[in-house]
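The structure appears right after this line, and notes come after that.
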């Protein structure tokens, strides 16, 4: 028997929308997957030859890029931030919509004028640098893992680059969205080598592509 | 009136032990701090001139190193990983004890012999590389943000470097601890410039030093 496929899903935001899609693809995790007190990291599913691992969003990309997982689901923000050559994102799943945006303190824009050098707090150093380079601005990125919204008020950075959904968190912290860098949605990602050598991976891609088309048509 | 001091505390492991110590230093956060449904990131305390921010452990160090927070509490693992020149860790608080260790699959050690090149999964790329360099081993570090214990079983790495407390998570995943890199405990950290220019920061250091000595004597 072949080794089971490893399918990586992210903790948090995208997972709730991804589970119904996985179920329609014939993948239903064992009950322990929903047990919040469990310390398990890897889960059996309704498919004998497929296990789920639940890891942080950035780690989904890392596991798949290195072939430790053959497939996974992750936001296009993560796919674009890493730009791993061995990671292929063939299907836009049409779920997990949000945007990666620049935000700054309300009222700052007019006061600051055009700066040639900025300090920007973000979880996405690569996308942030690339965005500001395209504007001809040299951005020093302060890498934070969360709570980006605190940075401008405490003088850590004059801008942040962060995921925005409703915009409420920004507003609560006196920030306004000034530019959308990337429209984000969740993608099916696969390891390129696994796609070439394991027909089960190619079958997953076809199945999710069909499901995504149904989602769009609905 | 002076701007309030910003004191950064980490989410998770250390916080439960840090709160009683903060209380003995005269710092008790407002009720909202304990409201898990709150989206607030910054909190008033019993001291008019001091606010708490609660952020990820790695970010505590980043806020303090840049002077966006003047002081904070964080594990020595984080202090050592970053080695920020503007961050000073004058007091070992004697809480949050654990260790940073190398672990590998049970039975692998004997089988593998001595390798000159390894792939190691860790949240601590700097400490990991430094440790293996000292052993004359070139370590390629795969940076993960969590779930390190999955890496060896899925072929992502032959070793992991991770925080170990009871060792139960390792055991559950078929791993054995083979080397302790660092004995970890929580530290009071301060921004060097703030320590020189704001006597309230120096007073915090003295207060926590006295408290730590009481903890040791108890």
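Protein chains in written order, with my numbering: chain A, 11 to 228; chain B, 11 to 228. Every residue, glycine too, gets a C-beta built ideally from N, C-alpha and C.
>> Going by C-alpha to C-alpha distance, which of A:149, A:196, A:161 and A:175 sits closest to residue 51 of chain B?
In response: By 1-based counting over the second chain, the position of residue 51 of chain B is 41. Comparing Cα positions, the closest option is A:161.
> Using a Cβ cut-off of 9 Å, which residues of the stretch 149-174 of chain A contact any Cβ in chain B, in chain order?
Replying inline: Against chain B - using a Cβ distance shorter than 9 Å - the residues of the stretch 149-174 of chain A are 152, 153, 154, 155, 156, 157, 159, 160, 161, 163, 164, 165, 166 and 167.
> For the stretch 75-86 of chain B, which residues have a beta carbon sitting closer than 8 Å to at least one beta carbon of chain A?
Replying inline: For the stretch 75-86 of chain B, which is checked against every Cβ of chain A, the residues closer than 8 Å are 76, 77, 78 and 79.
> Got a sec: which bits of the stretch 39-50 of chain B sit with their beta carbon under 7 Å from any beta carbon on chain A, in order along the chain?
Replying inline: Under the 7 Å Cβ criterion, the stretch 39-50 of chain B contributes 49.
> Taking only runs of the alpha helix (DSSP H) that begin and end inside the stretch 49-108 of chain A, which ones reach a length of at least 4 residues, in chain order?
Replying inline: You should have 67-75 and 86-92.
>> Does residue 118 of chain B come out as helix, strand or coil in the three-state DSSP assignment?
In response: As a position in the second chain, residue 118 of chain B is number 108, starting the count at 1. Correct three-state label for residue 118 of chain B: helix.
> Which bits of chain A does residue 52 of chain B rub up against, with CB to CB less than 7 Å?
Replying inline: Position 42 of the second chain, counted from the first residue, corresponds to residue 52 of chain B. The contacting residues are 160.
> Out of curiosity, what's the CA-to-CA distance linking residue 65 of chain B and residue 132 of chain A?
Replying inline: Taking the first residue of the second chain as position 1, residue 65 of chain B is located at position 55. Taking the first residue of the first chain as position 1, residue 132 of chain A is located at position 122. Their Cα atoms are separated by approximately 14 Å.
>> Less than 6 Å between C-beta atoms, sequence neighbours within five positions excluded: which residues of the same chain meet that for residue 48 of chain B?
In response: What you label residue 48 of chain B is simply residue 38 of the second chain in a count that begins at 1. Taken in chain order, the residues that qualify are 42.
> Hey, out of B:155, B:127 and B:151, whose CA is closest to residue 145 of chain B's CA?
Replying inline: Reading the second chain from its first residue, position 135 is the one you call residue 145 of chain B. Just measuring C-alpha positions, the residue of B:155, B:127 and B:151 sitting nearest residue 145 of chain B is B:127.
> How about residue 65 of chain A: is its C-beta nearer than 8 Å to some C-beta of chain B?
Replying inline: Here the question's residue 65 of chain A lines up with position 55 in the first chain. Yes, residue 65 of chain A lies at the interface with chain B (some Cβ there is under 8 Å from its Cβ).
>> Determine whether the beta carbon atoms of residue 80 of chain B and residue 15 of chain B lie at a separation below 8 Å.
In response: Within the second chain, the letter at position 70 stands for residue 80 of chain B. Within the second chain, the letter at position 5 stands for residue 15 of chain B. The answer is yes: Cβ separation under 8 Å.
> Starting from residue 148 of chain B and walking both ways along the beta strand (DSSP E), at which residues does that stretch end?
Replying inline: Translated into positions along the second chain, residue 148 of chain B becomes position 138. Note, residue 148 of chain B: beta strand (DSSP E), 148-153.
> Does DSSP put residue 201 of chain A in a helix, a strand or coil?
Replying inline: Working through the first chain from its first residue, we reach residue 201 of chain A at position 191. DSSP places residue 201 of chain A in strand when its eight states are reduced to three.
>> Which residue wins for smallest C-alpha separation from residue 107 of chain B, given the options B:94, B:86 and B:151?
In response: Position 97 of the second chain holds residue 107 of chain B. Checked all of B:94, B:86 and B:151; the closest Cα to residue 107 of chain B is B:86.
> When you compare only the Cα positions, how much space is there between residue 166 of chain A and residue 222 of chain A?
Replying inline: Translated into positions along the first chain, residue 166 of chain A becomes position 156. Translated into positions along the first chain, residue 222 of chain A becomes position 212. Answer to the nearest angstrom: the Cα atoms are 41 Å apart.
> Could you give the C-beta distance for residue 192 of chain A and residue 109 of chain A, rounded to a whole number, given that I count them as a contact under 8 Å?
Replying inline: For this step, residue 192 of chain A is matched to residue 182 along the first chain. For this step, residue 109 of chain A is matched to residue 99 along the first chain. That pair is a contact at about 7 Å.
> Hey, quick one: how far does the alpha helix (DSSP H) through residue 224 of chain B stretch, first residue to last?
Replying inline: Looking up residue 224 of chain B in the second chain gives position 214. That run of the alpha helix (DSSP H) goes 209-227.
> Around the Cβ of residue 67 of chain A, are there at least 16 other Cβ atoms within 10 angstroms (buried) or fewer (exposed)?
Replying inline: In the first chain, the residue the question calls residue 67 of chain A occupies position 57. Buried.
>> For residue 218 of chain B, tell me which candidate among B:97, B:142, B:33 and B:113 has the shortest Cα-Cα distance.
In response: Here the question's residue 218 of chain B lines up with position 208 in the second chain. Comparing Cα-Cα distances from residue 218 of chain B to each of B:97, B:142, B:33 and B:113, the minimum goes to B:33.
>> Given a cut-off of 8 Å on the beta-carbon distance, is the pair residue 172 of chain A and residue 113 of chain A in contact?
In response: Position 162 of the first chain, counted from the start, is the residue given in the question as residue 172 of chain A. Position 103 of the first chain, counted from the start, is the residue given in the question as residue 113 of chain A. The Cβ atoms of residue 172 of chain A and residue 113 of chain A lie closer than 8 Å to each other.
> Closest by CA to residue 177 of chain A, which one among A:29, A:141, A:103 and A:111?
Replying inline: For the purposes of this step, residue 177 of chain A is identified with residue 167 of the first chain, where counting begins at 1. Of A:29, A:141, A:103 and A:111, the residue nearest in Cα terms is A:111.
> Does any C-beta atom of chain A lie closer than 8 Å to the C-beta of residue 16 of chain B?
Replying inline: Walking along the second chain from the start, residue 16 of chain B turns up at place 6. For residue 16 of chain B, the answer is yes, since a Cβ of chain A falls inside 8 Å of its Cβ.
> Residues bridged to residue 187 of chain B by DSSP?
Replying inline: For the purposes of this step, residue 187 of chain B is identified with residue 177 of the second chain, where counting begins at 1. Answer by DSSP bridge pairing, in chain order: B:113.
>> Short of 9 Å Cβ to Cβ, which residues in the stretch 173-195 of chain A face chain B?
In response: When CB distances to chain B are screened at a threshold of 9 Å, the residues of the stretch 173-195 of chain A falling below it are 178, 179, 182 and 183, in chain order.
> Can you tell which of A:53, A:92, A:13 and A:38 has the C-alpha that lies nearest to the C-alpha of residue 154 of chain B?
Replying inline: Locating residue 154 of chain B in the second chain gives position 144, counting from the first residue. With distances taken between Cα atoms, residue 154 of chain B lies closest to A:92.
> Cβ of residue 187 of chain A within 7 Å of any heavy atom in the ligand SAH?
Replying inline: No copy of the ligand SAH occurs in the structure displayed, which carries no ligand at all.
> Below 8 Å between beta carbons: does that hold for residue 97 of chain A and residue 130 of chain A?
Replying inline: Indexing the first chain from 1 puts residue 97 of chain A at position 87. Indexing the first chain from 1 puts residue 130 of chain A at position 120. Not in contact: residue 97 of chain A and residue 130 of chain A (Cβ atoms no closer than 8 Å).
>> If I measure Cβ to Cβ from residue 136 of chain A and keep anything under 6 Å in the same chain, skipping five residues before and after, which residues do I get?
In response: Locating residue 136 of chain A in the first chain gives position 126, counting from the first residue. Same-chain partners within the cutoff: 91.
> Which residues in the same chain as residue 170 of chain A place their Cβ atom closer than 8 Å to its Cβ, once the five residues preceding and following it in sequence are excluded?
Replying inline: By one-based count along the first chain, residue 170 of chain A stands at place 160. Hits under 8 Å: 112, 113, 114, 130, 131, 132, 158, 159, 161, 162 and 185.
>> By the three-class DSSP mapping on this structure, what secondary structure does residue 3 of chain A have?
In response: Not covered by the structure: residue 3 of chain A. The range shown for chain A is 11 to 228.
> Under the three-state reduction of DSSP, which class applies to residue 169 of chain B: helix, strand or coil?
Replying inline: Along the second chain, one-based indexing puts residue 169 of chain B at 159. DSSP places residue 169 of chain B within a strand segment (E or B) once states are collapsed to three.
>> Rounded to the nearest angstrom, what separates residue 151 of chain B and residue 226 of chain A at their Cα positions?
In response: Start at 1 with the first residue of the second chain, and residue 151 of chain B comes out as number 141. Start at 1 with the first residue of the first chain, and residue 226 of chain A comes out as number 216. Taking the Cα positions, residue 151 of chain B is about 40 Å away from residue 226 of chain A.
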